[in-house]
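This report refers to the structure that appears directly beneath it.
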Amino acid sequence: MRPTSPAVDPSVPARVLRSARPSGTRVSVGPVEIGGPAFVVAAGPCAVESAAQTESAAEAVAASGAHLLRGGAYKPRTSPYAFQGLGEAGLSILGRSGGRHGLPVVAEVLETSQLASMIDHVDVLQVGARNMQNFALLRALLKRGFAATVDEWLLAAEYLLDGGNTQVILCERGIRTFETATRNTLDLASVALVKQRSHLPVLVDPSHATGLRELVIPMALAAAAAGADGLLVEVHARPEEALCDGRQALTPELFSELMQRLPPVLEAVGRTLHRRVAASPAVRAVSP
Ligand code: PEP
Ligand code: MN
0 MRPTSPAVDP
10 SVPARVLRSA
20 RPSGTRVSVG
30 PVEIGGPAFV
40 VAAGPCAVES
50 AAQTESAAEA
60 VAASGAHLLR
70 GGAYKPRTSP
80 YAFQGLGEAG
90 LSILGRSGGR
100 HGLPVVAEVL
110 ETSQLASMID
120 HVDVLQVGAR
130 NMQNFALLRA
140 LLKRGFAATV
150 DEWLLAAEYL
160 LDGGNTQVIL
170 CERGIRTFET
180 ATRNTLDLAS
190 VALVKQRSHL
200 PVLVDPSHAT
210 GLRELVIPMA
220 LAAAAAGADG
230 LLVEVHARPE
240 EALCDGRQAL
250 TPELFSELMQ
260 RLPPVLEAVG
270 RTLHRRVAAS
280 PAVRAVSP
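Going by numbering that gives the first Met the number 0, the sequence shown runs without a break in its numbering and finishes at 287.
Structure follows, in structure tokens:
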């Protein structure tokens with residue numbers, strides 16, 4: 000029988016462990032607190048494709064009560080021929096839609112050279128699964144690498160904390176296993192485990208974890224029940240036209256259903272859904 004893995008190697012300071020901050024870390028993003036009693040939902044398209052597509056997704060998720068807007072401007076694609084994102088133009092589209100709806104913005108950074116332009120548009124920098132061990136890049140929302148153990152994931156977060164960044168959020172997005180029926184295997188046990196071992200907030204991404212729209216709501220509810228602090232969910236107004244990950248995108252109607260089904264599940268485990276303060280004032284200035 001394989002032994003269960005130890006907590007992070009005790010020869011390192013292990014600032015990531017819960018014992019370093021027993022009450023837990025809360026990360027504040029504008030009016031949203033991640034890691035507190037309230038559950039938060041970041042939603043939006045996989046990729047920023049155009050101003051109209053981003054705005055329709057932002058409008059839909061804001062209307063259903065999302066707390067943050069997600070969207071990729073730099074897309075790490077498996078094939079060099081796939082849509083790679085709109086780059087800086089995409090960042091400003093995303094920032095503008097977020098500002099219009101009072102939603103702080105989450106977007107992935109792929110290279111340190113992108114940081115300077117991202118800071119003006121983005122509130123939370125996402126480090127994707129493919130970059131979990133790109134230590135030059137590590138900031139903020141740290142997704143688990145698809146072949147990373149829990150200890151490796153926590154040690155990647157340790158780099159951030161050791162570098163002085165205390166505003167770190169973890170995100171479980173599924174790992175690669177022998178199973179091919181789903182895009183990845185959602186490791187919800189790791190969510191409960193990491194919540195016990197570490198003081199950092201943990202989000203769950205049921206979109207990349209399953210790859211299948213019809214599994215996103217059940218897994219999002221399961222994540223809420225398992226003790227996650229929130230969700231990162233892909234939403235597209237017309238998933239069949241999406242340039243990226245349409246098969247796993249929720250429609251606005253399904254996202255609205257998710258937001259309505261979350262509160263009773265959260266209540267059953269002693270949590271609540273974060274309540275948005277009125278949509279205005281905008282989190283960031285909206286340029287004309
Ligand atoms: C994403 O969230 O857009 C993404 C690419 O996810 P991951 O890094 O988990 O594959
Ligand atoms: Mn995606």
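Quick reminder that beta carbons are idealized off the backbone N, C-alpha and C, glycines included.
Residue i CB to nearest heavy atom of ligand 2 below 7 Å
| i | result |
| --- | --- |
| residue 233 | yes |
| residue 119 | no |
| residue 243 | yes |
| residue 273 | no |
| residue 207 | yes |
| residue 170 | no |
Bridge partner(s) assigned by DSSP for residue i
| i | result |
| --- | --- |
| residue 196 | None, per the DSSP bridge assignment. |
| residue 38 | 272 |
| residue 33 | 26 |
| residue 69 | 105 |
| residue 241 | Partner(s): none; residue 241 has no beta bridge. |
| residue 288 | Within the shown structure, residues of the chain are numbered from 0 to 287, placing residue 288 beyond reach of any answer. |
| residue 167 | Answer is none; residue 167 lacks a bridge partner. |
| residue 232 | 42 |
Cβ pair residue i, residue j closer than 8 Å
| i | j | result |
| --- | --- | --- |
| residue 37 | residue 65 | no |
| residue 53 | residue 70 | yes |
| residue 236 | residue 106 | no |
| residue 123 | residue 140 | yes |
| residue 234 | residue 43 | yes |
| residue 197 | residue 76 | no |
| residue 116 | residue 90 | yes |
| residue 186 | residue 174 | yes |
| residue 243 | residue 51 | no |
| residue 254 | residue 96 | no |
| residue 163 | residue 103 | no |
| residue 147 | residue 172 | no |
| residue 268 | residue 150 | no |
| residue 219 | residue 238 | no |
| residue 166 | residue 26 | yes |
Contact belief for residue i with residue j at Cβ below 8 Å, rounded distance in angstroms
| i | j | result |
| --- | --- | --- |
| residue 157 | residue 274 | That belief does not hold up - the Cβ atoms of residue 157 and residue 274 are roughly 33 Å apart, past 8 Å. |
| residue 203 | residue 227 | 4 Å |
| residue 246 | residue 212 | 7 Å |
| residue 214 | residue 181 | 7 Å |
| residue 121 | residue 94 | 7 Å |
| residue 216 | residue 272 | Residue 216 to residue 272, Cβ: 15 Å. No contact. |
beta-carbon residue i near ligand 1 non-hydrogen atom, thresh 7 Å
| i | result |
| --- | --- |
| residue 79 | no |
| residue 204 | yes |
| residue 194 | no |
| residue 36 | no |
| residue 303 | Outside the displayed range of the chain (0 to 287) lies residue 303, so it cannot be described from this structure. |
| residue 139 | no |
| residue 129 | yes |
| residue 247 | no |
| residue 125 | yes |
| residue 75 | yes |
| residue 48 | no |
| residue 107 | yes |
| residue 210 | no |
Could you tell me whether the stretch 206-224 touches the stretch 250-269, where touching means 3 or more Cβ pairs closer than 8 Å?
yes
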